[in-house]
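Undergrad: I'd like to ask you about the structure that follows.
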Amino acid sequence: MYRGATLALVLAALCAAALCSCGRAAAPKFEGRVGHLEQEGGFSLFLEANEGKPVELDVWMAAADDIAGSGGKDEWFAVWEECEGLVKGEKPGMGKCTGTEYHIAAANGRKYLTREGPRWRLRGRFTPKPAGGPLQGLLTEILQAEE
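Residue numbers for the sequence shown follow the numbering used here, beginning at 10 and rising by one.
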């Protein structure tokens, strides 16, 4: 009798686990290269469309683009999206360009922006939140870590 009741409870628990969405719900994901101008790849539009909602990010930036930084508790990267009057070979920057600076807000002290050889990599689950601007051609967006 006890075996039958135990088996019924185990089966009920397994069925409930299979039917419920235990853990986090799937979030929209953006992956690939993020860079200046035409290499931006729709990253800012993706974050804007998902503002205030969790997203999964797995993106990388070329270190040579002078796009990212990490020091102390601060982690950030900037993406120049539009420029006027750049001459051939000139790097995008303040004065001629506008874009967005992204700040990673880690809830647990973990580093999310890491240097991997010739690139910076950002991986994790974040909630995008606008923070203000523009200041010197840059809007500011907070990527609040969810882990």
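All residues carry an ideal CB built from backbone N, CA and C; glycine is no exception.
This structure is a prediction, so every number in the text was calculated from the model and none was measured.
1. Starting from Ala35, follow the alpha helix (DSSP H) in both directions and report where the run begins and ends.
2. Would Glu40 pass as a contact of Asp67 if the rule is Cβ separation under 8 Å?
3. When the Cα atoms are used, what is the spatial distance from Gly102 to Trp89?
4. Sort Arg134, Glu110, Thr109 by Cα distance to Tyr121 and report the nearest one.
5. With DSSP collapsed to three states, give me the class of Glu49.
6. Threshold first: 4 residues or longer. Then list the alpha helix (DSSP H) segments lying entirely within the region 71-109, N to C.
7. As a quick exercise: from Glu91, Gly50, Leu56, pick the residue whose alpha carbon is nearest that of Lys105.
8. Does the structure place the region 123-130 close enough to the region 52-66 that three or more beta carbon pairs sit under 8 Å?
9. Rounded to a whole number of angstroms, what is the C-alpha to C-alpha distance between Gly51 and Arg128?
10. Out of Ala140, Ala35, Gly146, state which residue places its alpha-carbon closest to the alpha-carbon of Glu224.
11. So, for Lys38: in the same chain, excluding its five sequence neighbours on each side, which residues have a beta-carbon less than 8 Å away from its beta-carbon?
12. According to the Cβ coordinates, are Met70 and Gly44 closer than 8 Å?
13. Pick from Ala34, Leu46, Gln153, Ile151: whose alpha carbon is nearest that of Leu95?
TA: Well, looking at it:
1. Run containing Ala35: none; DSSP gives neither H nor E here.
2. Contact: yes.
3. Rounded to the nearest angstrom, the gap between the Cα atoms of Gly102 and Trp89 is 7 Å.
4. Closest option to Tyr121, Cα to Cα, is Arg134.
5. Reduced to three states, the DSSP call for Glu49 is helix.
6. Complete alpha helix (DSSP H) runs here, min 4: none at all.
7. With distances taken between Cα atoms, Lys105 lies closest to Glu91.
8. Touching, no, given that fewer than three Cβ pairs across the two stretches are closer than 8 Å.
9. Rounded to the nearest angstrom, the two C-alpha atoms are 19 Å apart.
10. With the chain covering only 10 through 156, there is no way to say anything about residue 224.
11. The residues are Val64, Glu65, Leu66, Asp67.
12. With contacts defined by Cβ atoms closer than 8 Å, Met70 and Gly44 form a contacting pair.
13. For the residues Ala34, Leu46, Gln153, Ile151, the minimum Cα distance to Leu95 belongs to Leu46.
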